[in-house]
Ligand code: IPD
Ligand code: CA
Ligand code: CA
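In our numbering, the protein residues as written are 113 to 373.
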């Protein structure tokens, strides 16, 4: 069977229904780290998606946050975040997503980012554009950083990092129109594709946070790179996304040396 956008959307919607059965109820939450939470909703959503993928595509690799974290650089594979925005979910904040990407030799080919709480569903297919239902997505055309609304996020294990993104936050807050930290990287990228944000950057994200959303941005006419302007954004733990002119501006500011905290 060949992966299709409709198939990926069906999978995301079924996983989204699982999440919505838990959303707003008192959840048993475990800690993977001091700030990094996981709930039964994450696990049930992932078990459903992984089981369905194994049955439909037995030869394909699977990289999924709660059970199958690994690096896959060749062949067909699926990269799955069963619940992106777990902290929002646990607090009853309706900004979370199911994020699924099909990749071939490390390059995303098909993707879906679904917010089951709002019903907003974003899809992309390499070479065929990014869509929200019948609406074709386009990144914003703003080229001036001073007029740009940007999104970012912060890693859970901040204290272990030499660059915890707070210095970039400070700089960008002075140079841009404004910053947002909404807590679900897959939706941040989807919203760059949909023209709600002018750009996005974040460090320490995992492949399941970015695989689907990055394809949305590039198919919406944007540029996606790692923090050095290279192509190591999937497994390289840094991502910068915007239209091409603004993207160069973001790299200029983000590339300036960090002052020791
Ligand atoms: C997190 C979210 C958040 C980002 C974190 C991610 P999770 O994913 O995408 O926006 O800042 O770094 O780990 O844990 O909710 O799936
Ligand atoms: Ca995530
Ligand atoms: Ca997750």
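The beta-carbon is built from N, C-alpha and C at its ideal position, and this holds for glycine as well.
Candidates 160, 330, 215, 268: closest to residue 243 by CA position: Your numbering for residue 243 matches position 131 in the chain shown. In terms of Cα proximity to residue 243, the closest of 160, 330, 215, 268 is 330.
query = If you draw a straight line from the alpha carbon of residue 245 to that of residue 118, how long is it in whole angstroms?
reply = Residue 245 sits at position 133 when you count from the first residue of the chain shown. Residue 118 sits at position 6 when you count from the first residue of the chain shown. Separation of residue 245 and residue 118 (C-alpha to C-alpha, rounded to the nearest whole angstrom) is 11 Å.
Can you grab the Cα-Cα spacing for the pair residue 258 / residue 295, in whole Å?
Within the chain shown, residue 258 is the residue found at index 146, counting from 1. Within the chain shown, residue 295 is the residue found at index 183, counting from 1. Put simply, the backbone Cα of residue 258 is about 23 Å away from that of residue 295.
Tell whether a beta-carbon distance below 8 Å holds between residue 302 and residue 265. Residue numbering aside, residue 302 sits at position 190 when the chain shown is read from its first letter. Residue numbering aside, residue 265 sits at position 153 when the chain shown is read from its first letter. For residue 302 and residue 265, no; Cβs fall outside 8 Å.
Please state if the CB of residue 334 and the CB of residue 202 are separated by a distance shorter than 8 Å.
For the purposes of this step, residue 202 is taken as residue 90 along the chain shown, with counting starting at 1. For the purposes of this step, residue 334 is taken as residue 222 along the chain shown, with counting starting at 1. Contact flag unset, no.
Between the C-alpha atoms of residue 115 and residue 222, what's the straight-line distance to the nearest angstrom? The residue labelled residue 115 in the question sits at position 3 within the chain shown. The residue labelled residue 222 in the question sits at position 110 within the chain shown. So the alpha carbons of these two residues sit roughly 8 Å apart.
Less than 7 Å between C-beta atoms, sequence neighbours within five positions excluded: which residues of the same chain meet that for residue 336?
For the purposes of this step, residue 336 is taken as the residue at position 224 of the chain shown. Cβ within range, chain order: 326, 329, 330, 345, 351, 353.
Give me the Cα-Cα distance between residue 255 and residue 286, rounded to the nearest whole angstrom.
In the chain shown, residue 255 corresponds to position 143, counting from 1. In the chain shown, residue 286 corresponds to position 174, counting from 1. When the Cα atoms are used, residue 255 and residue 286 turn out to be separated by approximately 16 Å.
- [ ] Please state whether DSSP places residue 270 in a helix, a strand or coil.
- [x] As a first step, residue 270 is located in the chain shown; it is residue number 158 there, counting from the start. Three-state DSSP puts residue 270 in a helix.
Open item on the list: Using only CA atoms, which one of 153, 192, 172 lies nearest to residue 216?
Closed with: Within the chain shown, numbered from 1, the residue matching residue 216 stands at position 104. Nearest option by C-alpha distance: 172.
Who are the Cβ neighbours of residue 366 in its own chain at under 7 Å, not counting the five residues just before and after it? Position 254 of the chain shown holds residue 366. Excluding residues up to 5 positions away in sequence, 280, 313, 339, 352 lie with their Cβ nearer than 7 Å to the Cβ of residue 366 in the same chain.
*CA-to-CA distance, residue 141 to residue 113, given in whole angstroms*: Looking up residue 113 in the chain shown gives position 1. Looking up residue 141 in the chain shown gives position 29. The alpha-carbon separation between residue 113 and residue 141 amounts to approximately 37 Å.
- Item | Three-state secondary structure (DSSP) of residue 323 | Along the chain shown, one-based indexing puts residue 323 at 211. Assignment of residue 323 by DSSP, reduced to helix, strand and coil, places it in the helix class.
Subject >> Own chain, CB closer than 6 Å to residue 134, minus 5 neighbours either side, in chain order >> reply: As a first step, residue 134 must be located in the chain shown, where it is residue number 22. For residue 134, same chain residues with a beta-carbon under 6 Å away, outside a window of 5 residues either side, are 153 in chain order.
Problem - Three-state secondary structure (DSSP) of residue 151 - result: Working through the chain shown from its first residue, we reach residue 151 at position 39. Strand, per DSSP.
*How would you call residue 299, buried or exposed, if buried means at least 16 neighbouring beta carbons within 10 angstroms?*
Start at 1 with the first residue of the chain shown, and residue 299 comes out as number 187. The residue is buried, with at least 16 neighbouring Cβ atoms inside 10 Å.
Residue environment, residue 361, which counts as buried when at least 16 other CB atoms sit within 10 Å:
As a working note, residue 361 is residue 249 in the chain shown. It counts as buried.
Q | Close beta carbons around residue 220, own chain, < 6 Å, minus the five adjacent residues each side | A | Walking along the chain shown from the start, residue 220 turns up at place 108. For residue 220, same chain residues with a beta-carbon under 6 Å away, outside a window of 5 residues either side, are 213, 323, 327 in chain order.
According to DSSP, residue 248 sits in a beta bridge with which residue or residues? One-based indexing of the chain shown puts residue 248 at position 136. When DSSP reads this structure, residue 248 sits in a beta bridge with 243.
- Message: For ligand 3, I want to know if residue 374 counts as a neighbour, meaning its beta carbon is within less than 7 Å of at least one of the ligand's heavy atoms.
- Response: No information on residue 374 is available, as it lies outside the stretch 113 to 373 that the chain covers here.
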